[in-house]
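Enquirer:
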Amino acid sequence: MANLNLVQTNGKDNDKDTEGLAKESPAPCWNVEIDNWEWANTTPFGPENQKQSKSILTDAMSIAEERMSPLKQKTIEQKCFHWEIDHWSQLSHEERGPVCQVGGFQWNLLLFPKGNYGDYSHVALYLELTNASEASFDQHACAQYCLVVSSMSDPTNYYCSDTAGRFSKHIKDWGFNDFISHHHLHSFNDMDGRILPPILENDRIRFSAIVNVVDDPTGVLWISDFENYDSKKETGFVGLKNQGATCYMNSLFQSLYCTNAFRKAVYQIPTENDNPTESIALAMQRLFHKLQFTNDAVDTVEVTKSFKWNPLDTLMQHDVQEFNRLLQDKLEEKMIGTPADGAIRRLFVGRMKSYIRCINVDYESTHSEDYYDIQLNVKGCKDLNESFKNYVAEETMDGDNKYMAGDHGLQDAKKGVTFECFPPVLHLQLKRFEYDMRRDTMVKINDRHEFPLRIDLEPYLCSTADRSSPHIYALHGVLVHSGNVSGGHYFAFIRPTKDGTWLKFDDERVTRATLDDVLDRNYGSPASFGQFHFQNFRRSSNAYMLVYIRECMLDDILDTVDVSDIPQHLWRRLDEENRLWQEAQRKQESRQNSLKVNVFPSSSFLLNKQLGIISDYQPDPMVMSMSVRKDQLYHDFKDYVARSFCINSSDDVRLWSFITRCNKTFRPEKCIDNVIDKNTKVEDLMHYMSGDILCLYAEYTQEFEPAPSATVYPWLYTMADDDDDHEILPSQVDTINTTNTPEKDEPMLVFIKIFIPESQELKGLATMYVYRHQKIESALDRIRYFARFLSHTPLVLYEEETPCFVRTLQLDTTFEESNIKTGDIICVQKQLSEEEMEHLQQQKMYPTAREYMAYLAYQVQVILQPQQHVKEEGLPTIRLNLLRPMSYQEIVAALAYHANIDSNYVLLYRPGHGKRETKWVIVRRYEGCTLHDLLKFADPQQPCLRYQVLEMTVDEYELLRQITIIVCKENRASRNVYTVQVTIARDACFRELLDKIRSETGHDLERYTSKVRFFLGSHHRFEEEYKMDDPIADVPEGGMCQLYAEPIPVDEFSLGSDDVLISVFHYDLYIHMTHSIPFRLLVKQGEPFSDTKKRLQVRTGMTNEEWSKVRCYFIQGDHIREELQDNDKLSGRYITETTAIGLDHPEKTFKPIYERPLRIQG
């Protein structure tokens, strides 16, 4: 079969080529684009076989059998129909053939004679499900088909391609975009260059379809997208949501839910006064109720909360059988003294007897015990009966293993197990996991192990067991594990009713299943399965737990759970929750039909003493927030805004749209009244916004202007330059200067701020309209009027472009030349003399608006706390307003000033970077280090640094280095390995480091062999050895390398020029998964590797049991060359710096996350 690429089409020409499987969309059509083509007869054409041997008219089914791959699905009907065309050249772009009934559905051919999807060199041909165009059609059809084009005069001259597809109202057609090229319709050359007869002759041609409609017992055959799949509608059941790794739990819950007797027992537990997040019983009742009565997948959050699990617990996979036992234990405790008391024992508990029977004397010892499940061996057993036989097989106790039979003494005996009774519901765990002694870990057994639909367990009962009713058990559920010991996925196959359909429960999705899905595909696979990935995956997917129900009790155990079985208090509680949920849904729908609006009045700008138009730091922002219907008309909305601000007429308010500019500033852009009609809907205003919230600026057309006074504006009476200055009266200032303004020039709204150097105050002053072609200096009188400046007061104007960029405006330019537009901010201040500026600077004040706004832009309040281990010294916690560009020295100086400490002794700590660093990291001074760098990983809402007052100066401290050394004594056994940290001068040598270790820790390594060495390791591999006089500065800083110290073995004391040391490192299975401490070993001339292994064991400090699990390999670089055998010799081999001995064994300290104990605490 040719390679297929699925392509979506809507039955129309499309120039855009689409590859890959597209998602389903309303009423699409699907086609198949084929990558390579071959004629139906693949034999090279010779002189004697230029024609096919079979006719499409008489041998269609034979052609289909040759072309189409055999399917496991049952054929409903197979039929061939033809479409003969007499005027090919007169066809339109899109044509449909006659309708034919096959398998209960109507089909037709869909033809694009001139091509589709932009490929005009080929004919496009598809099979279309005619019924899918009907509005009431809600079924689907699965068909395997072959599309054929043939000559009208010679039906043995044909060309065909085949595929299969699933047809529905969402996927109406499947086929081929480039079925056959136009050139091939007229002529085709065979492999020898001979011209074959044309298919298109005299403008006539025939298209045929051989359609094989197949049965879809599961309802999901060849389905490509489950987006529109409804589990409840298709199966009557719903799935469970996976919280991360809770598939094992979901599988068990579905099995218990379908065990109706268990569900009834859980409902009988009194839970009326329980909390669902604290009571396991109530959480299970609610879960079962939702599974029965809801239409969508149910989450299990309430249940896991009742287990007292945190989110991490839901991300860990556990054994389903272990989880089942813990859950049933908890439920049994809750059932004591209730109508459900003993229900679990009656359903799941059986009894077995262990015995030891002497062979030569009449003596027998027995012990009976209950069991909730049976664990059966898979390895060495081909099916379930063999596993039971293996379970009850007798073991002979003889020789050294004789049995002490009381007064009879040691006797030969038979030891075994037999069953006294089986429970009505039998849980069988297949032992798919076993301990691998060599790997020292668990591994999964994927061997084939068959289990039947019915099994007779009577042969495994003891002689005294009750056999009044047959012990034939019917398979009810199969819990499957797909994956390996470290992780995978669980799902379940369950037959909920006695004679019903098997269903597959896979988390949120429930589908019908076939017997082949239930049985054969979950038996497991032979040991040798092949080399392909999909084969290996299937090999790891097999049954892990089986649920059998005794046939004579099926009716009782699977009896329907009706409304009367559910406690009334549960109905009342869930009905009330459903009512509240529906109310919340109505509110949500109302919110979806509403729009959040923030209206900022002009007073919010006037009260702003920070950067921008609206202050983010305002404790109680002047903003009116509201929720309005999206379909509300603009004039009604504006009337409401006016009334909210106590304005009589909406004509006195102009609303402006707020947008976020490219430079991240938030500014008004357009006057809404000028761009929309009053009957426009409020939701249409979002076209002028840049966010999800409708933000508007409300401009009052009649502003209240307070009269100047010495109390409010004291500077007005101290900044006159001469006695001729006078106050500017309102009558002397036009509302807007129209001198030399073009008629079509629209006014722009700009915002005026004032900076008062004497009080270091920046605040909003007013808004005003200007024209693009108006000179800036022409607006100075109006600005003086707003600021209550006297006439002729010299002014300096700045534009606040961004919080970090403020520029001076040239007064002799126009607003357009200065790039001023609507929403821009102009800041004004009185021009100061050099003496005034110097005076302010001496007082540590900012003389210009530019400097002050730069201070505001970079200002950040930082909390400086003493480091935890020095808090007892009484150092204060200080909040300082600092600037982000401040250097390390400036930060420390400000801290020292406010804390009254010496800055030379202050050491700073910054927040660490997540898992890469510790929580607090010592700051090393370096050129260019700023506060911005130190706060990179700090909490933006509450930036914090820590400090410590040292007993030495920071200069002296930075001459020291804290270094970590792993110290090994006689060998590398864990009891002989220590980690020490010492602080030493950076210019010290390793000899001084050894003295420091000896004096501070008491570890005298020289007493073992009198000589010590230091060496560097990286990723647990040996890197470099240091001499005792080498400086410790040679050891790299950071977490990638580790320094080690060890006594030098005696055999390395006097190494000759020919002696060679080889590196040794440990790894687990894969060469890059290194662990433990590396070292170097002397290669002795002529020494067999059996003796070398003894030296290796001594150096590693392993016990004989531990060493028995180690395999040794000869390694060059990153490649394993060979496993070293006892008779091998290292001497004589080519050994370089990259040569090593690899010790392959598990790391004893490694504990995977999935090994965390399972617990249920509710």
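For the sequence shown, position 1093 (counting from the first letter as 1) is numbered 1093 according to UniProt numbering, and the numbering increases by one without interruption. All C-beta atoms in this analysis are idealised placements derived from N, C-alpha and C, irrespective of residue type, glycine included.
For T294 versus L282, is the C-beta spacing smaller than 7 Å?
Expert: no
Enquirer: Pull up the distance between the alpha-carbon of I863 and that of I922, whole angstroms please.
Expert: So the two alpha carbons sit approximately 16 Å from each other.
Enquirer: Using three-state DSSP, classify L419 as helix, strand or coil.
Expert: The question names Leu, but residue 419 in the sequence shown is Phe. In the structure shown, F419 sits in a strand (DSSP, three-state: E or B).
Enquirer: Of the choices V238, S92 and T277, whose alpha-carbon is the least far from that of D296?
Expert: The shortest C-alpha to C-alpha distance from D296 to any of V238, S92 and T277 is the one to V238.
Enquirer: What does a CB cutoff of less than 6 Å around Y126 pick up in its chain, not counting 5 residues either side in sequence?
Expert: N31, L110, D173 and G175
Enquirer: When the cut-off is 7 Å and only beta carbons count, does E1147 lie next to chain B?
Expert: The structure shown contains no chain B; it holds only a single protein chain.
Enquirer: Below 6 Å CB to CB, which residues in the same chain sit around E1046 once its five sequence neighbours on both sides are set aside?
Expert: C968
Enquirer: Report the three-state DSSP secondary structure of R509 (helix, strand or coil).
Expert: strand
Enquirer: Just the Cα atoms here: how many angstroms apart are R1159 and K936?
Expert: 40 Å
Enquirer: My assumption, with CB atoms under 8 Å, is that S540 sits in contact with S486. Please give the rounded CB distance.
Expert: Not a contact, Cβ separation roughly 11 Å.
Enquirer: Go through its chain and collect everything with a Cβ distance to S150's Cβ below 7 Å, but skip five positions before and after it.
Expert: I56, N157, Y158, I199, R206 and S208
Enquirer: Spatial neighbours of H122 within its chain, please: CB distance less than 6 Å, with the 5 preceding and 5 following residues excluded, ordered by chain position.
Expert: G115, D178 and S181
Enquirer: Which class does R550 belong to by DSSP, given the choice of helix, strand or coil?
Expert: strand
Enquirer: For F1022, count neighbouring C-beta atoms within 10 Å of its own C-beta (all shown protein chains included) and say buried if the count is 16 or more, exposed if not.
Expert: buried
Enquirer: If you draw a straight line from the C-alpha of P601 to the C-alpha of L907, how long is it?
Expert: A straight line joining the alpha-carbon of P601 with that of L907 spans about 48 Å.
Enquirer: Bridge partners of R654, per DSSP?
Expert: The partner list for R654 (beta bridge, DSSP) reads E699.
Enquirer: Considering only their Cβ atoms, is the gap separating I613 from F786 smaller than 7 Å?
Expert: no
Enquirer: What's the gap between the Cα of R346 and the Cα of I223?
Expert: 43 Å
Enquirer: When DSSP labels each residue in this structure, what does V123 get in the three-state scheme?
Expert: strand
Enquirer: Going along the chain, which unbroken runs of the beta strand (DSSP E) with 3 or more residues stay wholly within the region 963–1004?
Expert: Runs of the beta strand (DSSP E) inside the region 963–1004: 977–985.
Enquirer: Does the separation of the CB atoms of Y460 and F493 fall below 7 Å?
Expert: no
Enquirer: If you draw a straight line from the alpha carbon of D1144 to that of Q1116, how long is it in whole angstroms?
Expert: 15 Å
Enquirer: Can you say whether S368 is buried or exposed, counting buried as having 16 or more other CB atoms within 10 angstroms of its CB?
Expert: exposed
Enquirer: Tell me, to the nearest whole angstrom, how far the beta carbon of R448 is from that of S525; I am working on the premise that it is less than 8 Å.
Expert: The beta-carbon distance between R448 and S525, rounded to whole angstroms, is 6 Å. This is short enough to meet the 8 Å contact definition.
Enquirer: Can you tell me which of the three DSSP states P459 falls into?
Expert: helix
Enquirer: Rounded to the nearest angstrom, what separates G1142 and G912 at their Cα positions?
Expert: Cα-Cα distance, rounded: 36 Å.
Enquirer: At the level of alpha carbons, what is the spacing between E458 and L546?
Expert: 18 Å
Enquirer: Excluding the five sequence neighbours on either side, which residues of its own chain have a C-beta within less than 8 Å of the C-beta of Q1161, listed in chain order?
Expert: F307 and K308
Enquirer: Is it true that the CB of L453 sits closer than 7 Å to the CB of Y544?
Expert: Contact flag unset, no.
Enquirer: At which residues does the alpha helix (DSSP H) containing A642 begin and terminate?
Expert: Y634 to S644
Enquirer: Locate the alpha helix (DSSP H) running through R850, then write down its first and last residues.
Expert: A849 to Y858
Enquirer: Do the region 1096–1106 and the region 1024–1034 make contact, defined as three or more Cβ pairs closer than 8 Å?
Expert: no
Enquirer: Secondary structure at R467, three-state DSSP: helix, strand or coil?
Expert: coil
Enquirer: Apply the 10 Å Cβ neighbour rule to D313 and answer buried if 16 or more other Cβ atoms are within range, or exposed otherwise.
Expert: buried
Enquirer: Taking only the alpha-carbon atoms, compute the straight-line gap between C480 and F288 and give it to the nearest angstrom.
Expert: The sequence given here has Val at residue 480, not Cys. About 22 Å.
Enquirer: Given a cut-off of 7 Å on the beta-carbon distance, is the pair H1119 and P1078 in contact?
Expert: no
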